[in-house]
């Protein structure tokens, strides 16, 4: 009988404390849905999720807004942070600083050594590349599709990509442009 009473008391304490614990995370709020429309650069964008007004502020889904502004959105569960990143533009090739621009197709990639082998498309002023190219750690890889841009990581490169490369004066790849 005593064990049963202790069990009931512990169970009641657990149930009551869980309500107090949950109160810190959840809160009932009143929001107003008022057929809110969103326009990006003057063009109205159709949304699947509804926006709402709370405390005289309009709340819109962050992924919807960010992606319509050509930003990349990622949720970091560990840090509880929404990461919004635009693309980092690529500084033009500067031949006066010893840089070269090379066109071609990636035929092999060594992700550990950070090298790529290319099948080069030669133009009248092209520098001929015969050896694997070392890719700098701070390389800027820019993917363009239609009118949108996105930065890629080196590990995202794939054999067969048609590209333009910017080689610095040490013949290291400092920029890659891929258009699909």
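In my numbering, the protein residues as written are 7 to 186.
The beta carbon of each residue, even a glycine, is placed where N, CA and C say it ideally should be.
Every value quoted in this text rests on a predicted model; they were computed, and no experiment measured them.
Closest in C-alpha terms to residue 36, from the list 60, 89 and 43, comes 60.
Counting other Cβ atoms within 10 Å of its Cβ, residue 148 reaches 16 or more and is therefore classed as buried. DSSP places residue 184 in the strand class (E or B) of the three-state scheme. Closest in alpha carbon position to residue 69, among 96, 79 and 183, is 79. Nearest C-alpha to residue 76 among 153, 133 and 112: 153.
In this structure, the straight-line span from the alpha carbon of residue 125 to that of residue 163 is close to 15 Å.
When DSSP states are grouped into helix, strand and coil, residue 107 belongs to the strand group. Judged by DSSP in its simplified three-state form, residue 70 adopts helix. In the DSSP annotation of this structure, the continuous segment of the beta strand (DSSP E) that includes residue 50 starts and ends at 49-51.
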